[in-house]
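> Residue numbers (my numbering): 1146 to 1542. All C-beta atoms, glycine included, are put in the ideal place defined by N, C-alpha and C. None of the values given here were measured: they were computed from a predicted structure. Before I ask anything, here is the structure I am working with.
This is the structure we're talking about:
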């Protein structure tokens, strides 16, 4: 690990952690508070999520020697917040446990991996590009409220790509922080050093909570995170052991649900940061970026009481800008792969556009519907024939 680590892998791990926490931590707080959680229970959620993500990421990345990034379920937090009416925190914990058991079963039985093995590489690549492009568009849109900050970061990125390509993203983070500080955009007044402590919540069982929260939490987590998460790893040239990854996500959820670890699964957007060549020039050493992200996750979890103030110090435009610029190369590679073959080109662009649209139907996010739309397009165009470039994501026959 020490020999394989580089400064670029440390910076990539930090950026992935920064983006992961700052982009959705407010949604986590909102979900917990919607269930009536006390401030101590909210910090316990941050602790459980940070420890669960960190240990899982470190363990799985060292075991597979692949950049495996485990994160909380962002769409799942939205499901919890929307389904919290009439559900107590204890009943919600029971629903979390049901979700964890279902995730474990999806890996133990191997059905999720069998589904993933049927997804063509072109559709998997366009799915990933659509998810990441949405994030990159938001970063450039941040130039409207903060033009100097975003333009400065773009120039630093372009110059960095020319002069020090491996450290271009690190330069963007440092340069963006300096520019934000010079504009008075960094607010450190709420930063306090406070460690989090775990708070146990005994689960209670309610069929309303299981059906209204547990099952939707499982569905959106698998459709909106597991599918693009596996696609992100495969499109980057790795062959992950999908079933064990799903099983471990379920086990981690079951173990930490009573403390606030409501759902864990593969990351997609932040995973692209540690999967990118910027993280390490050698693909077989890129796992170290994920390990560093895991260490930063644990640190964030332990400092759960101070996380809110720490993250509030960074303006959202800075975080968006760093993330968007860090993902440009991955987006370009995904589009190039997805559009390479004429036989799958139209299905790929449909997948890309539906995913990019952010459409939500029946409570399920656009990643799932992008795959459905692309699959239907491929079926209608090439029924009873095999289109060129329709190799599945793991290159299996």
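In chain order, what residues of the same chain have a beta carbon less than 7 Å from the beta carbon of residue 1518, not counting five sequence neighbours either side?
Excluding sequence neighbours, residue 1518 sits near 1495, 1496, 1499.
> Could you tell me which residues DSSP puts in a beta bridge with residue 1588?
Because the chain spans 1146 through 1542 in this model, residue 1588 falls outside it and cannot be assessed.
> Tell me which same chain residues have a C-beta within less than 8 Å of the C-beta of residue 1537, skipping the five on either side of it?
With a pLDDT of only 48 at residue 1537, under the threshold of 50, the placement of this residue in the model should not be trusted, and no figure is reported.
> How big is the Cα-Cα spacing for residue 1299 and residue 1470?
The alpha-carbon atoms of residue 1299 and residue 1470 are separated by roughly 7 Å.
> Output the distance between the C-alpha atoms of residue 1159 and residue 1437, rounded to the nearest integer angstrom.
Answer to the nearest angstrom: the Cα atoms are 7 Å apart.
> Taking just the CA atoms, how far does residue 1434 sit from residue 1150?
Cα to Cα, residue 1150 sits roughly 8 Å from residue 1434.
> Assign residue 1247 to one of three DSSP states: helix, strand, or coil.
Note: residue 1247 maps to helix in three-state DSSP.
> Judging by CA-CA distance, which residue of 1371, 1314, 1501 is the nearest neighbour of residue 1393?
That would be 1371, whose Cα lies nearest to the Cα of residue 1393.
> Counting pairs of Cβ atoms below 8 Å between the region 1239–1248 and the region 1194–1208, do you hit three or more?
Contact between the region 1239–1248 and the region 1194–1208 is absent, because fewer than three Cβ pairs lie under 8 Å.
> Where does residue 1421 sit, in a helix, a strand or coil, going by DSSP?
Looking at residue 1421 - three-state DSSP - the assignment turns out to be coil, as it is neither helix nor strand.
> Take residue 1458 as the anchor and find which of 1284, 1331, 1478 has the nearest alpha-carbon.
Of the candidates 1284, 1331, 1478, the one whose C-alpha sits nearest the C-alpha of residue 1458 is 1331.
> Can you tell me the Cα-Cα spacing of residue 1209 and residue 1526, whole angstroms?
Roughly 38 Å separates the two Cα atoms.
> Going by Cα to Cα distance, which pick from 1516, 1189, 1325, 1194 is closest to residue 1466?
Nearest C-alpha to residue 1466: 1325.
> Considering only the beta carbon of each residue, do residue 1447 and residue 1340 sit closer than 8 Å?
For residue 1447 and residue 1340, yes; Cβs fall inside 8 Å.
> Would you tell me roughly how many angstroms separate the C-alpha atoms of residue 1153 and residue 1445, rounded to the nearest one?
The straight-line gap from Cα to Cα measures roughly 20 Å.
> Can you give, in chain order, each stretch of the alpha helix (DSSP H) that sits fully within the region 1285–1362 and has at least 4 residues?
Complete alpha helix (DSSP H) runs here, min 4: 1292–1308, 1313–1327.
> Looking at the structure shown, is residue 1459 part of a helix, part of a strand, or coil, going by DSSP?
Note: residue 1459 maps to coil in three-state DSSP.
> Excluding five sequence neighbours on each side, which residues of the same chain lie with their C-beta closer than 6 Å to the C-beta of residue 1521?
Cβ within range, chain order: n/a, list empty.
> Our contact map puts residue 1506 next to residue 1279 with C-beta atoms below 8 Å; I'd like the distance itself, whole angstroms only.
At roughly 16 Å, the Cβ-Cβ gap does not stay under 8 Å, so residue 1506 and residue 1279 are not in contact.
> Decide yes or no for the touch test of the region 1374–1386 against the region 1206–1223: beta carbon pairs closer than 8 Å, at least 3 of them.
As far as the Cβ criterion goes, the region 1374–1386 touches the region 1206–1223, which means the pair count is three or higher.
> Does residue 1187 pass the burial test, meaning 16 or more other C-beta atoms within 10 Å, or should it be called exposed?
Buried, since its Cβ has 16 or more Cβ neighbours within 10 Å.
> Quick check: what's the CA-CA separation for residue 1359 versus residue 1366?
The alpha-carbon atoms of residue 1359 and residue 1366 are separated by roughly 11 Å.
> Which residues bound the alpha helix (DSSP H) around residue 1232?
No alpha helix (DSSP H) holds residue 1232; DSSP gives it neither H nor E.
> Among 1492, 1480, 1306, which residue has its Cα nearest to the Cα of residue 1276?
With distances taken between Cα atoms, residue 1276 lies closest to 1480.
> Shortest alpha-carbon distance to residue 1314 belongs to which of 1163, 1146, 1513?
Considering only alpha carbons, the answer is 1163.
> Just how far apart, CA to CA, sit residue 1305 and residue 1373?
Using only the alpha carbons, I get a separation of about 29 Å.
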